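As C-alpha cells, the structure follows; a few thoughts come after it.
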Amino acid sequence: NRQFLLASRPVGAPVRADFNLVETAVPAIKEGEVLLRSVYLSLDPYMRGRMSDAKSYAPAVELGEPLVGGAVCRIEQSHNPDFVVGDWVVAFAGWQDYAVSDGQSLLKIDASLAHHSYALGVLGMPGLTAYMGLLDIGQPQAGETVVVAAATGAVGSLVGQIAKLKGCKVVGIAGGAEKCRYAVEQLGFDFCLDHKSENLAEQLSKACDNGIDVYFESVGGKVFDAVFPLLNTKARIPVCGLISQYNATELPEGPDRLSMLMGTLLVKRIKAQGFIVFDDYGDRYNEFSEAMGEWLSDGKIKYKEQIVDGLENAPSAFIGLLQGENFGKLIVRVGPD
Ligand code: NDP
Numbered sequence: 008n009r010q011f012l013l014a015s016r017p018v019g020a021p022v023r024a025d026f027n028l029v030e031t032a033v034p035a036i037k038e039g040e041v042l043l044r045s046v047y048l049s050l051d052p053y054m055r056g057r058m059s060d061a062k063s064y065a066p067a068v069e070l071g072e073p074l075v076g077g078a079v080c081r082i083e084q085s086h087n088p089d090f091v092v093g094d095w096v097v098a099f100a101g102w103q104d105y106a107v108s109d110g111q112s113l114l115k116i117d118a119s120l121a122h123h124s125y126a127l128g129v130l131g132m133p134g135l136t137a138y139m140g141l142l143d144i145g146q147p148q149a150g151e152t153v154v155v156a157a158a159t160g161a162v163g164s165l166v167g168q169i170a171k172l173k174g175c176k177v178v179g180i181a182g183g184a185e186k187c188r189y190a191v192e193q194l195g196f197d198f199c200l201d202h203k204s205e206n207l208a209e210q211l212s213k214a215c216d217n218g219i220d221v222y223f224e225s226v227g228g229k230v231f232d233a234v235f236p237l238l239n240t241k242a243r244i245p246v247c248g249l250i251s252q253y254n255a256t257e258l259p260e261g262p263d264r265l266s267m268l269m270g271t272l273l274v275k276r277i278k279a280q281g282f283i284v285f286d287d288y289g290d291r292y293n294e295f296s297e298a299m300g301e302w303l304s305d306g307k308i309k310y311k312e313q314i315v316d317g318l319e320n321a322p323s324a325f326i327g328l329l330q331g332e333n334f335g336k337l338i339v340r341v342g343p344d
C-alpha cells in the first residue's frame, strides 16, 4: 500500500520534499467495513489549504499523515452488506492505494457510467461547485455578461458552458493562447482572454462592452483587479476560490484597497458571496446531477480531463496545478480498473 504523507508544510509553492512516499501493509477490515482500492485520485486546489495549518473551514492534514483527497475506488473486500466486491464508489480515500471505510460516506457510482473518473469532475464536486455557484449565487439572466476566471479548468469550463446554456454572453480568462482558443472554439465562449498578456484590463473592457453582471471568482489578484472596474450595478460575484493567492507568503503589493472595494460594493449594490460546496449545497447534489447528466448525454456540455499515470506522479502534478500547468480536470490514475 503506497501512501503519500505530508512531510512538511510548504512555505510558498509546495515542493516535492513536502510529500513523503511510504509503503505500508494493506489494512485489514472489521465487520461492517470495506476495503477500497483507488483507481482515480482527484487533485484539487483546496489541498494546498489542507497542507497549511492556517485556520480554515476544514482541519489541516497533520504532519506524517496521508494527504486527503477524493477518489474513485473499487470495493476490494467487503464486510458490509451494502457493498459487494467490484462496486464502484466515490470516497474521501486520500493519496494512497488502499483505504478502509464503514460505508457511510461512500457514494455509489453507476457501473454503466462510460467514464468513472467523471464522478470526480463534471458529475462530482467541481460540477456541483460550478452549477450551484453560478446558478444559486450568480443568478445569471439571459443577455447578461458573465466573466469566469480559470476558464478552462474543472470548475470554470462548466461555469462558462452553463452560462451559455442560460443565454448569457460569456467571457473567460485563462492562462495562455492554447487554453483561450479551446474556450472559444470548443466550449463556445464568446471571448477568452489571456491573463498573462500585458493589457488584460484593456482587452476585458473591450470584450465586456456592456460591463459585467456576474463574475465567477476563482483566482483573485490581478484578474480581479481587471474585472473590478467593469462590474455593473447589481452585479453578483460568487466567490469560489482565490487560487492566485494560495501560495502567497505576503499581502499583495500596493495601497490598501479595502475602502475602495467596500465603497464600490455599496454604491453599485454588488453582491459578493463565498461558498463551500458540500457545506452549502451537499443536500442539492441530486438536483445538480440530474441536470448535468442530461446536458452531458445531450452533448450540450463538453468536458476535458488531464489524466496523469501513477500515484508517484501526484506531487508534481499537484504542484503544476497551482501554476496553471493542467489543462482540464486533473486526475491521477492510481491503479488499473
Ligand atoms: P482548475 O482545473 O481550474 O485548475 C486550477 C487553474 O487555476 C490552473 O489551471 C490555472 O489556470 C489557474 N491558476 C493557477 N494559478 C493561478 C494564478 N496564480 N493566477 C491565475 N490563475 C491561476 O481547478 P478547479 O476548477 O478545481 O478549481 C478552480 C477554483 O475553484 C479554485 O480556486 C478552487 O479553490 C475553487 N474551488 C472552490 C470550491 C468551493 O467549494 N468554494 C470547490 C471547488 C473548487 P490558467 O492556466 O487558466 O491560469
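Residue numbers are given in full-length UniProt numbering: position 140 of the sequence shown equals residue 147, and the series is strictly consecutive.
The C-beta atom is built at its ideal place from N, Cα and C for all residues, glycine as well.
Since the structure is predicted, the reported quantities are computational estimates derived from the model, not experimental observations.
Contact check, residue i vs residue j, beta carbons under 9 Å
i, j, result
"Met78", "Tyr47", "With the sequence shown as reference, residue 78 is identified as Ala, and Met is not the correct amino acid for it. Cβ distance < 9 Å, so Ala78 and Tyr47 count as in contact."
"Val226", "Gly248", "yes"
"Phe198", "Gly179", "yes"
"Arg57", "Ala67", "yes"
"Ile169", "Ala137", "yes"
"Gly167", "Gly150", "no"
"Val153", "Lys176", "yes"
"Leu238", "Leu211", "no"
"Leu207", "Ala158", "no"
"Val155", "Phe223", "yes"
"Gly160", "Lys336", "yes"
"Val221", "Leu130", "no"
"residue 1", "Tyr310", "Beyond the ends of the chain as shown, which are 8 and 344, falls residue 1; an answer cannot be given."
"Asp344", "His86", "no"
"Arg291", "Met132", "no"
"Trp102", "Leu318", "yes"
When the options are compared against residue i, the one with the closest alpha-carbon
i, options, result
"Ile326", "Leu237, Gln10, Gly19, Val166", "Gly19"
"Tyr53", "Phe26, Ala65, Ser45", "Ala65"
"Val341", "Gly39, Ala14, Leu50", "Leu50"
"Gly128", "Ser323, Asp89, Glu312, Leu329", "Glu312"
"Pro90", "Trp102, Leu113, Met58, Glu69", "The sequence shown places Phe at residue 90, rather than the Pro named in the question. Of the listed residues, the one whose Cα sits closest to Phe90 is Leu113."
"Arg81", "Asn87, Asn239, Trp95", "Trp95"
"Gln148", "Pro88, Leu172, Gly39", "Leu172"
"Asp232", "Asp216, Asn217, Ala214, Leu268", "Leu268"
"Gly261", "Arg291, Gly71, Gly228", "Gly228"
"Thr240", "Gly270, Lys37, His86, Phe295", "Gly270"
"Arg16", "Glu38, Asp216, Ile36, Ser59", "Ser59"
"Arg9", "Leu135, Glu301, Pro73, Ser124", "Pro73"
"Tyr125", "Gly300, Leu329, Asp263", "Gly300"
Inter-residue spacing [alpha-carbon to alpha-carbon] between residue i and residue j
i, j, result
"Gly93", "Ser119", "13 Å"
"Lys203", "Ile144", "28 Å"
"Phe26", "Phe11", "6 Å"
"Val162", "Arg188", "18 Å"
"Ile338", "Ser304", "22 Å"
"Leu28", "Glu69", "15 Å"
"Gly134", "Ile250", "18 Å"
"Gly110", "Phe196", "41 Å"
"Lys37", "Thr31", "18 Å"
"Glu40", "Gly76", "20 Å"
"Ala35", "Glu294", "37 Å"
"Val191", "Ala184", "11 Å"
"Ser63", "Gln252", "14 Å"
"Lys307", "Asn217", "26 Å"
"Ala100", "Phe285", "17 Å"
"Glu209", "Phe334", "26 Å"
"Ser296", "Gln146", "19 Å"
"residue 363", "Glu332", "Residue 363 lies beyond the stretch modelled for the chain, which goes from 8 to 344, so this question has no answer here."
"Leu272", "Leu13", "40 Å"
"Tyr288", "Trp302", "20 Å"
Residue(s) in a DSSP beta bridge with residue i
i, result
"Arg188", "For Arg188, which the question treats as bridged, DSSP gives no partner whatsoever."
"Asp201", "Ala181"
"Trp95", "Arg81"
"Leu43", "Ile82, Ala106"
"Arg340", "Tyr47, Asp316"
"Leu207", "Partner(s): none; Leu207 has no beta bridge."
"Leu243", "In the sequence as displayed, the identity of residue 243 is Arg instead of Leu. Note: Arg243 sits in a beta bridge opposite Val221, Lys278."
"Asn27", "Leu12"
"Val153", "Val177, Val221"
"Leu114", "Val97"
"Pro73", "Leu12"
Sufficient close CB pairs (3 or more, under 8 Å) joining the region 251-258 to the region 275-287 | no
Touching or not, the region 106-117 and the region 32-46, by the rule of three or more beta carbon pairs under 8 Å?
-> yes
Taking one C-beta from the region 14-31 and one from the region 316-323 each time, how about it: are there three or more such pairs within less than 8 Å?
-> yes
Would you call the region 237-247 and the region 280-290 touching, i.e. three or more CB-CB distances under 8 Å?
-> yes
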